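Chains as they are written, first to last, in the numbering used here: chain U, 4 to 276; chain W, 7 to 288.
We put the CB at the ideal spot given by N, CA and C, even for glycine.
Just so we're clear, the structure is a prediction, and the values are computed from it rather than from any experiment.
Just below is one structure, and these are the notes that go with it.
Structure, rendered in structure tokens:
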């Protein structure tokens, strides 16, 4: 046996190696990839086509208005749903147990998940924006300021959704039940967040209030402010883009989600504890 | 507690709600030893191993594994431990080679992944996805992951459950090879022949404590107990229990004036001893 003595790899280095494993595992599971990426895309194409006509006095079609919000649905799918399922699966199939028994810092595991979520979410955002551009007249913004808004909405949104996904993964009893456990709240929240159903202001007030508690409504609002002309701000519940409040709510969810993760994360499955 | 033993356990206790899983267990394992823990289901084998691996907290007792309390052990301790899980199904989408290579990265003095894959006999399957491996191949991959970091101490929890006889023999050869290299091994098993074939020492667990302990050939007075001598008197089978079978055979030989028809001498098998142990205490 040959031995190669080397310095043990650092947390970040191992985390990036984990990221490689996560990406391979994710992209080789064809059904999961298709489902994660295509649910928002299929709904975008179907619902976007159903919404006809233009938003009065703006020259913007309802389909365009809808597409901008669907970027949030896409990212919620690749972060919240996908991460929740993948961690529940890791807990169920022995991945977490094996990693706990290996000389790997716990942080490296989460760095690996961050790599997975970032790559998948960027790809999903590109797909939704691309389809919106092709089919629904979504214009790519020219101003740098709007791209800066995109960057922070994306960053805070992905972080908040991921942390919520990690916390929600503990609700799934097994890998098999995880997709159901993650997708049900996802679909409901997409409706009450003014993403599948627009404009949000046409929903009953209690539903709007429920949707406003979660990050998805604010993420969608942020993306609409990036991709839509300012005339469409009239469609928002508050009649304003509310960038300050979007940032505040998403940041609050990042902190709350982190606390939730730290208090609820389990390395073992329930059957095993 | 000294650090001269690989594993030292004194009065280990663990309860799950109302069930006492481990009840004052003592165990001492020297470096280089292969020790098998035998016992019926629910005797506390897996709980004990998981406490020693640092996966579970304990309720009482003192433990030292490689000189460290596993519950407080850090990364350097983990680098010296190899764990072969009982029912892992992870890494299904990776290939065998990718999996072993990935786990090699965690260790400072890892074995060459290709050599480890050859050692467990998976070279022909190195490029296959883990999820398409058979049960026996999957367990050999688990062993590969367990030993790639060149552990000083290896835990094997029921490693051959569900194997066909040939796969078990191959697996035993693999474990004997590791033991021959000086790896300290603690394995749990349901199979007495496995314990007999692999272990320098057997510890029998019943109801969370060690009820007997010793080399497989002499455990629980197996080597000292009475033997049974059987032969045929005409067509009639006869048997005598004796402390001194050689003398009985000498007398029979003299009486028959040469070969004794149907002669056999038997001692209680490891299984007899084991069943007697778990029967008499549970």
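- [ ] Report the neighbours of residue 94/W on chain U: residues whose CB is nearer than 9 Å to its CB, in chain order.
- [x] The answer, in chain order, is 96, 97, 98, 100 and 101.
TODO: Step through the CB atoms of chain W and report whether any lies within less than 9 Å of the CB of residue 17/U.
DONE: With 9 Å as the cut-off, residue 17/U counts as an interface residue toward chain W.
TODO: To the nearest angstrom, report how far apart residue 216/W and residue 152/W are at their CA atoms.
DONE: Residue 216/W and residue 152/W: Cα-Cα distance of roughly 26 Å.
TODO: Can you grab the Cα-Cα spacing for the pair residue 50/W / residue 143/W, in whole Å?
DONE: Cα-Cα distance, rounded: 27 Å.
- [ ] Output, in sequence order along the chain, the residues in the region 27-59 of chain U whose CB is closer than 9 Å to any CB in chain W.
- [x] Of all residues in the region 27-59 of chain U, 27, 28, 29, 30, 31 and 32 have a Cβ within less than 9 Å of some Cβ in chain W.
Open item on the list: Could you give the first and the last residue of the continuous beta strand (DSSP E) run that contains residue 88/W?
Closed with: Run containing residue 88/W: 87-90, per the beta strand (DSSP E) assignment.
Open item on the list: Do residue 105/W and residue 136/W count as a contact pair if the criterion is CB distance below 9 Å?
Closed with: Yes, the Cβ-Cβ distance between residue 136/W and residue 105/W is below 9 Å.
Task: Nearest neighbour of residue 197/W, chosen from 94/W, 277/W, 24/W and 28/W [CA to CA] - done: Selected option, being the one with the closest Cα: 277/W.
Task: Members of the region 90-123 of chain W that neighbour chain U once the beta carbon cut-off is set at 8 Å - done: Those would be 91, 93, 94, 95, 96, 97, 98, 99, 100, 104, 108, 109, 111, 112, 113, 114, 115, 116, 117, 118 and 121, in chain order.
TODO: Helix, strand or coil for residue 201/U, going by three-state DSSP, please let me know.
DONE: Coil at residue 201/U, not helix or strand.
Open item on the list: Is it the case that the region 234-243 of chain W contacts the region 64-73 of chain W, given that we only count it when at least three CB pairs across the two stretches are under 8 Å?
Closed with: Taking a cut-off of 8 Å for Cβ pairs, the region 64-73 of chain W and the region 234-243 of chain W do not touch, as fewer than three such pairs fall below it.
- [ ] Using three-state DSSP, classify residue 235/U as helix, strand or coil.
- [x] In this structure, residue 235/U counts as helix in the three-state DSSP scheme.
TODO: Compare the Cα-Cα distances from residue 230/U to each of 183/U, 219/U, 66/U and 79/U and report the closest residue.
DONE: The shortest Cα separation from residue 230/U among 183/U, 219/U, 66/U and 79/U belongs to 66/U.
- [ ] Taking only beta-carbon positions, decide if residue 104/U is within less than 9 Å of chain W.
- [x] Chain W, which has a Cβ nearer than 9 Å to the Cβ of residue 104/U, makes this yes.
TODO: Determine the contact status of residue 99/U and residue 270/U, defining contact as a CB-CB distance below 9 Å.
DONE: Contact flag set, yes.
TODO: Look at the Cβ atom of residue 78/U, then the Cβ atom of residue 161/U, and state whether they are nearer than 9 Å.
DONE: The beta carbons of residue 78/U and residue 161/U sit closer together than 9 Å.
- [ ] For residue 189/W, I'd like the list of residues in its chain whose CB is within less than 6 Å of its CB, leaving aside the five on either flank, ordered along the chain.
- [x] Result list for residue 189/W: 160, in chain order.
Open item on the list: Quick check on DSSP: helix, strand or coil for residue 237/W?
Closed with: Residue state, collapsed to three classes: strand.
TODO: For the beta strand (DSSP E) containing residue 243/W, list its first residue and its last residue.
DONE: Per DSSP, the unbroken beta strand (DSSP E) holding residue 243/W starts and ends at 242-248.
Open item on the list: By alpha-carbon positions, which one of 24/U, 126/U, 172/U and 132/U ends up nearest to residue 83/U?
Closed with: Of 24/U, 126/U, 172/U and 132/U, the residue nearest in Cα terms is 172/U.
Task: Burial state of residue 20/W (16 or more Cβ within 10 Å) - done: The Cβ neighbour count for residue 20/W, taken over all protein chains shown within 10 Å, is at least 16; the residue is labelled buried.
Open item on the list: Could you tell me the alpha carbon to alpha carbon distance between residue 76/U and residue 91/W, rounded to whole angstroms?
Closed with: Spanning the two alpha carbons is a distance of roughly 39 Å.
Open item on the list: To the nearest angstrom, how far is the alpha carbon of residue 232/W from that of residue 252/W?
Closed with: Distance from the CA of residue 232/W to the CA of residue 252/W, rounded to the nearest whole angstrom, comes to 12 Å.
Task: Burial state of residue 306/U (16 or more Cβ within 10 Å) - done: This structure cannot settle anything about residue 306/U, because the visible part of chain U is limited to 4 through 276.
Task: Within chain W, partners of residue 20/U - CB distance below 8 Å - done: The answer, in chain order, is 108 and 111.
- [ ] Kindly list the residues whose CB is nearer than 6 Å to the CB of residue 7/W, restricted to its own chain and excluding five residues on each side of it in sequence; keep chain order.
- [x] Bear in mind that the predicted position of residue 7/W carries a pLDDT of just 45, short of 50, making it unreliable; the figure below should be weighed with that in mind. Only 14 and 70 meet the Cβ criterion.
Task: Start-to-end residues for the alpha helix (DSSP H) that takes in residue 262/U - done: Element bounds for residue 262/U: 246-267.
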